[in-house]
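In the working numbering, the protein residues as written are 81 to 287. First comes the structure, then the notes that go with it.
In structure tokens form, the structure reads like this:
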């Protein structure tokens, strides 16, 4: 009997690493610290012909979302641009979310200009492929949490997709003291596994 060989594809999802969340109207404390580990994991993923995608808030100028939060990441403005030190390549996918009147916390709700979604980017391409999803970005207690839970929930029961949280590549808004810890617990409960970027890179490189 012929033995089928499995192939592992690595996927990085960088969530909302945009100017307004780093230095702008909704800056996350120490948010810039997610950039370096995200860049390193992205480089490792690309070296294996994996998939790199970055989500972005891409809000209209007027939205009920701004009743809750200061105006931020309005489509086409400097605040909505990715930070200049984030390593984005032409082969990477850009997923826009929050483009209408909903909050758009989860990258799962977004779509690229090419019609790509996180579902289409992550889903195994054949029966021999397994997928490792690495998740980082801003902010742990909102968009990262929502995105991670949606990914893990959709692929729950699918042993060929595993989702990891890059613990050193996320930061929280933490309006309340317990928000970050609660977000991490919610992600863990959804079977999102917390690892460091160094552990992710070693995994990607087969060490």
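Where is the CB? At the ideal position from N, CA and C, for every residue including glycine.
Checklist entry - Roughly how many angstroms lie between the CA atoms of residue 208 and residue 143, to the nearest whole one? => result Between residue 208 and residue 143, the C-alpha separation is close to 44 Å.
Next on the checklist: Buried or exposed for residue 236, going by 16 or more other Cβ atoms inside 10 Å?
Outcome noted: Around the beta carbon of residue 236, a 10 Å sphere encloses fewer than 16 other beta carbons of the protein chains shown; the residue is thus reported as exposed.
Checklist entry - Along the chain, which unbroken stretches of the alpha helix (DSSP H) at least 4 residues long are found entirely within the region 190-228? => result List check, alpha helix (DSSP H) in window: 198-202.
Checklist entry - What whole-angstrom Cβ distance do residue 110 and residue 240 have, given they're in contact under 8 Å? => result Not quite, the Cβ-Cβ distance comes to about 35 Å (not below 8 Å), so this is no contact.
Checklist entry - What are the complete beta strand (DSSP E) segments, minimum 3 residues, inside the region 121-163? => result Counting only runs of 3 or more, we get 131-137.
Next on the checklist: Would residue 182 and residue 191 qualify as a contact pair, given that the criterion is a beta-carbon distance under 9 Å?
Outcome noted: Not in contact: residue 182 and residue 191 (Cβ atoms no closer than 9 Å).
Next on the checklist: Tell me which residues share the same chain as residue 172 and place their Cβ nearer than 7 Å to its Cβ, disregarding the 5 neighbours each side in the sequence.
Outcome noted: Correct list, in chain order: 132, 133, 134.
Checklist entry - Near residue 274, which residues of its chain fall below 6 Å by C-beta distance, leaving aside the five closest residues on each side in sequence? => result Closer than 6 Å at Cβ, skipping near neighbours: 245, 247.
Item to check | Rounded straight-line distance, which links the Cα of residue 153 to that of residue 107 | outcome: When rounded, the distance between both Cα atoms is 11 Å.
Item to check | Three-state class that DSSP yields for residue 238 in the structure shown | outcome: Residue 238: coil per DSSP, three-state reduction.
Checklist entry - Could you give the residue range of the beta strand (DSSP E) that holds residue 92? => result Following the DSSP letters along the chain, one finds residue 92 inside the beta strand (DSSP E) bounded by residues 87-95.
Checklist entry - Are the CB atoms of residue 114 and residue 217 nearer to each other than 9 Å? => result A contact, by the Cβ cut-off of 9 Å.
Checklist entry - Which runs of the beta strand (DSSP E), 3 residues or longer, sit entirely within the region 231-282? => result As far as the region 231-282 is concerned, its whole beta strand (DSSP E) runs of at least 3 residues are 241-251, 273-275.
Next on the checklist: Taking the straight line between their C-alpha atoms, what separation do you get for residue 189 and residue 119?
Outcome noted: When rounded, the distance between both Cα atoms is 24 Å.
Item to check | residue 257 versus residue 100 - alpha carbon distance | outcome: Cα to Cα, residue 257 sits roughly 22 Å from residue 100.
Item to check | Cβ shell of residue 229 (< 6 Å), same chain only, five flanking positions each side left out | outcome: Cβ within range, chain order: 270.
Item to check | Beta-carbon proximity check, residue 93 vs residue 200, cutoff 9 Å | outcome: Judged by beta-carbon spacing, residue 200 lies beyond the 9 Å limit of residue 93, meaning their Cβ atoms are not closer than that value.
Checklist entry - Taking DSSP as the reference, what is the three-state secondary structure of residue 115? => result DSSP places residue 115 in helix when its eight states are reduced to three.
Item to check | Strand pairing of residue 98, partner residues [DSSP] | outcome: Paired residue(s): 162.
Item to check | Residue burial classification, residue 206 (beta-carbon count within 10 angstroms, cutoff 16) | outcome: Exposed, by the Cβ-count rule.
Checklist entry - Roughly how many angstroms lie between the CA atoms of residue 122 and residue 167, to the nearest whole one? => result Using only the alpha carbons, I get a separation of about 8 Å.
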